[in-house]
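K.L.:
Same order as they appear, the protein sequences are chains A and B. Counting in the working numbering, the first sequence runs from 2 upward without gaps. Counting in the working numbering, the second sequence runs from 1220 upward without gaps.
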Amino acid sequence: MDQLFKPARTVGLMLAALLSPLAPTWAAPSFDLSSGEYVPDEILVRFKDASIRTSLISGRSGEEIETLEQAGLSRIRLREGQSVEDAIAEYGGDSNVEHVQPNFIYKLQAMPNDALFGQMWGLRNTGQRVASNPPTLTGDLISTNNPGTAGMDMGLERAWDVITDCSSATVGVVDSGISYNHEDIAANLWADATGNHGRNFVDMNNDPLDLNGHGTHVAGTIGAVGNNGLGTTGLCWKAKIMSLRTCNAAGSCTTSANVSAVDFAIANQAKVLNMSLGGRGFDQAFSDAILRASNSDIVVVVAAGNENTNNDVTPSYPCNFPHPNVICVAALDQSYALASFSNYGASSVHVAGPGVNVVSTWAGSSTASDDDFHTSPWTAVPASGGWVYQHRTIQGQAVDLLVDPSTYPSGTFHSNDLVYKQFTFGAAQAALLDIAGQVTLGAGNTLDVNGRVGGGNPFSGGTRILRTTGSTQGVVAFPTLDISQCAGMTCSFGFQLTGAPPATGGAGIVDFSITTLQLNNVTYKIEAGTSMATPHVAGLATMLRAYNPSYTVADVVNAIKGGGTSVPALATKTTTGKAANAFGSLTYINAPTGVTATVSH
Amino acid sequence: MGCPHSNPPGAGAQNAPAENSPAEEPAPRDPPAQLATQGEADRVPGEYLVAVQKGGDESMIRRLFADASVQSVRQLRDDLFLIHVERDPGPQAMRQAAAGSDQIRNVQPNFVYRTNPPPAKLPDEIK
Chain A
2 MDQLFKPART VGLMLAALLS PLAPTWAAPS FDLSSGEYVP DEILVRFKDA
52 SIRTSLISGR SGEEIETLEQ AGLSRIRLRE GQSVEDAIAE YGGDSNVEHV
102 QPNFIYKLQA MPNDALFGQM WGLRNTGQRV ASNPPTLTGD LISTNNPGTA
152 GMDMGLERAW DVITDCSSAT VGVVDSGISY NHEDIAANLW ADATGNHGRN
202 FVDMNNDPLD LNGHGTHVAG TIGAVGNNGL GTTGLCWKAK IMSLRTCNAA
252 GSCTTSANVS AVDFAIANQA KVLNMSLGGR GFDQAFSDAI LRASNSDIVV
302 VVAAGNENTN NDVTPSYPCN FPHPNVICVA ALDQSYALAS FSNYGASSVH
352 VAGPGVNVVS TWAGSSTASD DDFHTSPWTA VPASGGWVYQ HRTIQGQAVD
402 LLVDPSTYPS GTFHSNDLVY KQFTFGAAQA ALLDIAGQVT LGAGNTLDVN
452 GRVGGGNPFS GGTRILRTTG STQGVVAFPT LDISQCAGMT CSFGFQLTGA
502 PPATGGAGIV DFSITTLQLN NVTYKIEAGT SMATPHVAGL ATMLRAYNPS
552 YTVADVVNAI KGGGTSVPAL ATKTTTGKAA NAFGSLTYIN APTGVTATVS
602 H
Chain B
1220 MGCPHSNPPG AGAQNAPAEN SPAEEPAPRD PPAQLATQGE ADRVPGEYLV
1270 AVQKGGDESM IRRLFADASV QSVRQLRDDL FLIHVERDPG PQAMRQAAAG
1320 SDQIRNVQPN FVYRTNPPPA KLPDEIK
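And the structure:
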């Protein structure tokens, strides 16, 4: 491993020219000792006549620690109470001394040479502006606090002087899979005896390839290969990452898959698990699995969620599982403000980590298409009196939307009103559909979303892919739909309202986005979310486990919580009020246990 | 990756199961999720996790939930099974069906979790 070796400061050496053994005619050398980066009770001296050095040293009540033969230097420990400055003046004034200097301290400053490291503010914040660079680095940036505040980071500069190789501690990523051939991850993957890099609990096979991108991004933050001149670096430059694919291409992950993944990790001696996922509703089976992980010496790092809600009031799981091995993570922006979307919880969320404009590895080239409902018109049936395109200003925001009826949210709609449009998909391995809207429906009324491969009216021979009943509380985003069967094809999608008259209410669709993913091994992406903050802490947990193999789960959890950096924005938002800090945690001293003391008078 | 996906509170929705039509598209790869009604969490329609006491097995599970018509049983652990029922009565009814059995430790939906990206800028409400 290459490391930049940089002196703490520049030293200018002054050689003495002796004119008389009795009266030194050269000035004692001077050094700037204000930096303090030298051994406080030692100096280095070159004597003109090495045979008399012992008496010269002992005559000053010093002690020769060692002789650097090649350099002709004596390393001398000063007498008690003597400063380096005094000693330099004392020895420097002796005509028998050719040279004297402090014993300076040189620091390793391990900085990786990865091409995109300069954008990774969470690891080293210089106040840099994070920017995309298509096609290799894409993503939607959040402009707030970009650039941010220098120094607001996880302290990896100093931490990497301690450890960069975490490969002795296996870390499992419970997510959408990992792009295991990615140029910047492939070398850091766990493998079983047959070369499988984990397990696919969605399709129940041994191929945990990522068809979404999310899992690859998470894995890269933990352990993208560091200092290889390519892409990004993980907190761990070297790592052993296990891919546990429990989430499908649309980012949906079931209890059954999650439970099986945890048991697989236990069976294969993982030490850390990252779970950048969340759901509502207490889940006994998942809770039991995480407790088993705790009993199997596994730290589980989880995301707080992205709904800007208080998890103390509205629980999110696994964040709110009260198990001792769970660390729940909120998201910070580049100035260490709590990210606007981040969940929080004074009792349930523990620490925060960098979660905005995070650069990491991605599974391929993503193309997103956001339909505005009018540039290429949708077909309404009937052509009038039902679904219409409108442009409204809502809360000061210009919004393009499809609505039925035109007066929505007031008025009535006609049953079976439908609207659809045909799309042509390029070649891709995955395709996703995101819809957002507001629905107001009485009992028995429905809004259906249909799709049809080949185009045409999706309500004539197509397939229903989503049905909504009841009413939403304002505009909501519906779950992402996997429409990968449309990749490379022509597909039509549409909306249909049904209801018995008088069908009061209706619907408004404000967002219709299609994203396709063309897999490759060379893409990087900028993402935001507590999903991104979580692997920063999981990477730290892995560093701790590799550095301290004897640490228990409790030791690691305590070191992360106790070794963090106090952040004002987190004071009432997390249990610790702290941002995770790598160097702080690596140097955190856990309180000893089992120690008793008695005081005798 | 595209736009937000978060659980829309208060909305009930379900993804219809795919209907295989040889002339049309193949079935979706993954079972679609059902959104909650009355504030329930997302769950996979018709799927339940059944935790059993020692000795509990597939035949016992099929008998217990016969009214729901158990279509498949997959053993995840010694004490945990994933079942799919054809006539899904809902989580409460399933719990009631299991209440009389001392061989069932717990029955719950197969919940759905999400890798939620932060929401895009959308209006709070259509007015």
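Here a beta-carbon is modelled for each residue, glycine too, at the ideal position from N, C-alpha and C. On a predicted model such as this, the values are computed, not experimentally measured, just so you know.
Residues of chain A with CB closer than 7 Å to the CB of Arg1296 (chain B), please, in chain order.
P.N.:
Going along chain A in sequence order, the residues near Arg1296 (chain B) (Cβ under 7 Å) are Asp264.
K.L.:
Give me, in chain order, the residues of the same chain whose beta-carbon lies closer than 7 Å to that of Val260 (chain A); leave out the 5 immediate sequence neighbours on both sides.
P.N.:
Once the five neighbours on either side are set aside, the close Cβ partners of Val260 (chain A) are Ala286, Phe287, Ala290.
K.L.:
Which residues of chain B have a Cβ atom closer than 9 Å to the Cβ of Phe424 (chain A), listed in chain order?
P.N.:
Simply none; closest approach about 13 Å.
K.L.:
Measure the alpha-carbon distance for Pro1241 (chain B) versus Val454 (chain A) and round it to whole angstroms.
P.N.:
Low local confidence applies: a pLDDT of 36 at Pro1241 (chain B) is under 50, so the model's placement there is unreliable, and no value is given.
K.L.:
Please list the partners that Val1263 (chain B) has in chain E, where partner means a Cβ-to-Cβ separation under 8 Å.
P.N.:
The structure shown contains no chain E; its protein chains are A and B.
K.L.:
Can you list, in chain order, the residues of its chain whose CB lies under 7 Å from that of Gly140 (chain A), leaving out five sequence neighbours each side?
P.N.:
Hits under 7 Å: Ser133, Lys526, Ile527, Glu528.
K.L.:
How far does the alpha helix (DSSP H) with Pro1346 (chain B) in it reach, from first residue to last?
P.N.:
With the sequence shown as reference, residue 1346 (chain B) is identified as Lys, and Pro is not the correct amino acid for it. Unbroken run through Lys1346 (chain B): none, as it is neither H nor E.
K.L.:
Measure the beta-carbon distance from Asn451 (chain A) to Thr464 (chain A) and round it to whole angstroms, keeping in mind my assumption that it falls under 8 Å.
P.N.:
The Cβ separation is near 6 Å, so the contact holds.
K.L.:
Given Ser370 (chain A), which residues of its chain have a CB within under 6 Å of its CB, disregarding the five upstream and five downstream residues?
P.N.:
Ile515, listed in sequence order.
K.L.:
Once DSSP output is grouped into helix, strand and coil, what is the label at Gly1319 (chain B)?
P.N.:
Looking at Gly1319 (chain B) - three-state DSSP - the assignment turns out to be coil, as it is neither helix nor strand.
K.L.:
Can you tell me the Cβ-Cβ gap for Val46 (chain A) and Tyr92 (chain A), rounded? I've got them flagged as a contact below 8 Å.
P.N.:
Val46 (chain A) to Tyr92 (chain A), Cβ: 6 Å. Contact.
K.L.:
Contact between the stretch 1314-1329 of chain B and the stretch 1273-1288 of chain B is defined here as three or more beta-carbon pairs at a separation below 8 Å; is this criterion met?
P.N.:
Segments in contact, yes.
K.L.:
Quick test of your reading: Gln335 (chain A) and Gly475 (chain A), contact by CB under 8 Å. State the CB separation rounded to the nearest angstrom.
P.N.:
Actually they are not in contact, since the Cβ atoms of Gln335 (chain A) and Gly475 (chain A) sit about 30 Å apart, beyond 8 Å.
K.L.:
Near Ala570 (chain A), what residues of its chain come up, given a Cβ to Cβ distance below 6 Å and the 5 sequence neighbours on each side ignored?
P.N.:
The answer, listed in chain order, is Ala338, Leu339.
K.L.:
What are the boundary residues of the alpha helix (DSSP H) that includes Val554 (chain A)?
P.N.:
Val554 (chain A) -> alpha helix (DSSP H) spans 554-563.
K.L.:
Whose C-alpha, out of A:Ala194, A:Val303, A:Ser244, A:Glu81, is nearest the C-alpha of Tyr1332 (chain B)?
P.N.:
It is A:Val303.
K.L.:
Look up Asp1276 (chain B) in the DSSP assignment and say whether it is helix, strand or coil.
P.N.:
The answer is coil: DSSP assigns Asp1276 (chain B) none of H, G, I, E or B.
K.L.:
What number of angstroms, rounded off, separates the C-alpha of Leu117 (chain A) from the C-alpha of Asp1261 (chain B)?
P.N.:
If you take the alpha carbons of Leu117 (chain A) and Asp1261 (chain B), they lie about 38 Å apart.
K.L.:
Write down every uninterrupted run of the beta strand (DSSP E) in the stretch 438-474 of chain A whose length is 3 residues or greater and which is fully enclosed by it, in chain order.
P.N.:
Runs of the beta strand (DSSP E) inside the stretch 438-474 of chain A: 447-454, 464-471.
K.L.:
Just the Cα atoms here: how many angstroms apart are Ala617 (chain A) and Cys487 (chain A)?
P.N.:
Since the first residue shown for chain A is 2 and the last is 602, residue 617 (chain A) is missing from the structure and cannot be characterised.
K.L.:
Would you list, in chain order, the members of the stretch 1308-1327 of chain B that have their beta-carbon closer than 8 Å to a beta-carbon of chain A?
P.N.:
Within the stretch 1308-1327 of chain B, the residues whose Cβ lies closer than 8 Å to some Cβ of chain A are Asn1325, Gln1327, listed in chain order.
K.L.:
Look at the alpha carbon of Ala1287 (chain B) and the alpha carbon of Gly462 (chain A), and state the distance between them as a whole number of angstroms.
P.N.:
So the alpha carbons of these two residues sit roughly 29 Å apart.
K.L.:
Closer than 7 Å between beta carbons: that is the criterion. Which residues of the stretch 492-517 of chain A meet it against chain B?
P.N.:
Residues Gly509, Val511, Asp512, Ser514, Thr516.
K.L.:
Note down the Cα distance separating Asn1329 (chain B) from Ser551 (chain A), rounded to an integer number of angstroms.
P.N.:
If I take the Cα positions, the gap works out to 37 Å.
K.L.:
Could you check where the beta strand (DSSP E) with Ile242 (chain A) kicks off and where it finishes?
P.N.:
That run of the beta strand (DSSP E) goes 239-246.
K.L.:
Alpha carbon to alpha carbon, what distance is there between Ser493 (chain A) and Pro406 (chain A)?
P.N.:
So the two alpha carbons sit approximately 22 Å from each other.
K.L.:
May I ask you to list, following chain order, the residues of the stretch 394-413 of chain A that have a beta carbon less than 8 Å from some beta carbon of chain B?
P.N.:
So the close ones are Ile395, Gln396, Gln398, Val400, Leu402, Val404, Tyr409, Pro410.
K.L.:
Can you name the residues that DSSP bridges to Glu1266 (chain B)?
P.N.:
B:His1303.
K.L.:
How should Asp87 (chain A) be labelled, buried or exposed, when 16 other C-beta atoms within 10 angstroms of its C-beta is the threshold for buried?
P.N.:
With fewer than 16 Cβ atoms within 10 Å of its Cβ, Asp87 (chain A) is classed as exposed.
K.L.:
Would you say Asp1276 (chain B) faces chain A, with C-beta separation under 8 Å as the test?
P.N.:
By this cut-off, Asp1276 (chain B) is not an interface position.
K.L.:
Give the interface partners of Val1331 (chain B) over in chain A, defined as CB-CB distance under 9 Å, in chain order.
P.N.:
Within 9 Å Cβ-Cβ: Ser253, Cys254, Thr255, Thr256, Gly280, Pro480.
K.L.:
8 Å is my cut-off, CB to CB: does Val558 (chain A) come that close to chain B?
P.N.:
With 8 Å as the cut-off, Val558 (chain A) does not count as an interface residue toward chain B.
K.L.:
On the three-state DSSP scale, how would you describe Gln285 (chain A)?
P.N.:
Three-state DSSP puts Gln285 (chain A) in a helix.
K.L.:
Which whole runs of the alpha helix (DSSP H) in the stretch 282-349 of chain A are 4 residues long or more, in chain order?
P.N.:
Fully enclosed alpha helix (DSSP H) runs of 4 or longer: 285-296.
K.L.:
Quick check on DSSP: helix, strand or coil for Ala428 (chain A)?
P.N.:
DSSP places Ala428 (chain A) in coil when its eight states are reduced to three.
K.L.:
Looking at the structure shown, is Asp154 (chain A) part of a helix, part of a strand, or coil, going by DSSP?
P.N.:
Of the three classes helix, strand and coil, the one that applies to Asp154 (chain A) here is coil, per DSSP.
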